[in-house]
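Residue numbering for the sequence shown is 954 to 1167, as defined by the numbering used here. Below is one structure; the comments refer to it alone.
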Amino acid sequence: MLQYPKIPGSADAPGGRCVAFEKSDGTNLHWDWDRDFGWHAFGTRRDAFNLTEAGVAQFAAGHAHLRQCVEVFRDTLADGLDAIFREHPSYREVQSFKAFAEFLGPESFAGLHKEGDPKTLRLFDVAAEPVGLVGPRQFVADFGHLPSARVVYEGKLTGKFADDVRAGKYGVAEGVVCKGGAGGPDLWMVKIKTDAYLGRLKQAFADRWEDYWE
954 MLQYPKIPGS
964 ADAPGGRCVA
974 FEKSDGTNLH
984 WDWDRDFGWH
994 AFGTRRDAFN
1004 LTEAGVAQFA
1014 AGHAHLRQCV
1024 EVFRDTLADG
1034 LDAIFREHPS
1044 YREVQSFKAF
1054 AEFLGPESFA
1064 GLHKEGDPKT
1074 LRLFDVAAEP
1084 VGLVGPRQFV
1094 ADFGHLPSAR
1104 VVYEGKLTGK
1114 FADDVRAGKY
1124 GVAEGVVCKG
1134 GAGGPDLWMV
1144 KIKTDAYLGR
1154 LKQAFADRWE
1164 DYWE
């Protein structure tokens, strides 16, 4: 079961206004919160572990290159998110949340991380269950003061904007994720990657590029 949905390319964009967030080249991690138990689970896009000493050890055994993430989360995001969930009037009646953040360091590439690099987590989405993901403008308003994905553009999603992202005109290394709608079932997302990043990927994974691209 995927913890986070697959984001289509820009060819599937419905059009209209959007907020474009920088897409960090890291590892997508989720963090699960309950009003009664606080932070209780975490994991990658495809798995989940209890946020206990035993669960953290199991996670580290299977994901050695990600083992620093729990410490980073507790130092940078856990308390700030907890305060919003408990105190913000928009969320006081919600029982459980799932926060999503990219784990990365300065030399991270294609989900690989160097051992000695300092690591960070950048929040990029919050799901209020069972409604779904918070809308992009609400996300910026409510969570933008935390370490989070940078907004690089707000306006109509056009072909020119997509071409400018691909050409590297927005100062992003990997690309952007464009989000529109009010959140929940109304939310739509598409990704646009830079030509430079795709070229770097193609060079690094030349022997299995077709499998990667699919």
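Idealized CB from N, CA, C, for every residue including glycine. All of these numbers come straight from a predicted model, not from anything done at the bench.
For Ile960, the three-state secondary structure derived from DSSP is coil.
Per the coordinates, the alpha-carbon of Ser963 lies some 6 Å from the alpha-carbon of Ile1145.
Here the C-alpha atom of Gln1156 lies approximately 26 Å from the C-alpha atom of Pro1071. Rounded to the nearest whole angstrom, the CA to CA distance from His993 to Asp987 is 7 Å. Under a 10 Å Cβ-count criterion, Met954 is classified as exposed, with fewer than 16 other Cβ atoms of the shown protein chains found around its own Cβ. Following the DSSP letters along the chain, one finds Gly1108 inside the beta strand (DSSP E) bounded by residues Val1104 to Lys1109. Taking a contact as a CB-CB distance under 8 Å, the pair Trp1141 and Gly1128 does not count as one, their CB atoms being some 17 Å apart. Judged by pairs of C-beta atoms under 8 Å, the segment 1002-1015 does not touch the segment 1051-1059, as fewer than three such pairs exist. Going by C-alpha positions, Ser1061 is about 32 Å away from Ala1135. Judged by DSSP in its simplified three-state form, Asp989 adopts coil rather than helix or strand.
Residue environment for Asp965: exposed (fewer than 16 other C-beta atoms within 10 angstroms of its C-beta).
DSSP places Asp1078 in the uninterrupted beta strand (DSSP E) bounded by Thr1073 to Glu1082.
By the Cβ criterion, the segment 966-980 is not in contact with the segment 1042-1051, since fewer than three pairs of Cβ atoms, one from each stretch, lie closer than 8 Å.
In this structure, the straight-line span from the alpha carbon of Gly1137 to that of Gly1085 is close to 4 Å. In chain order, Arg1119, Ala1120 and Gly1121 place their CB closer than 8 Å to the CB of Asp1148, counting only its own chain and leaving out the 5 sequence neighbours on each side. For Lys1067, the CB contacts under 7 Å within the same chain, skipping 5 residues up- and downstream, are Gly1058 and Glu1060 in chain order.
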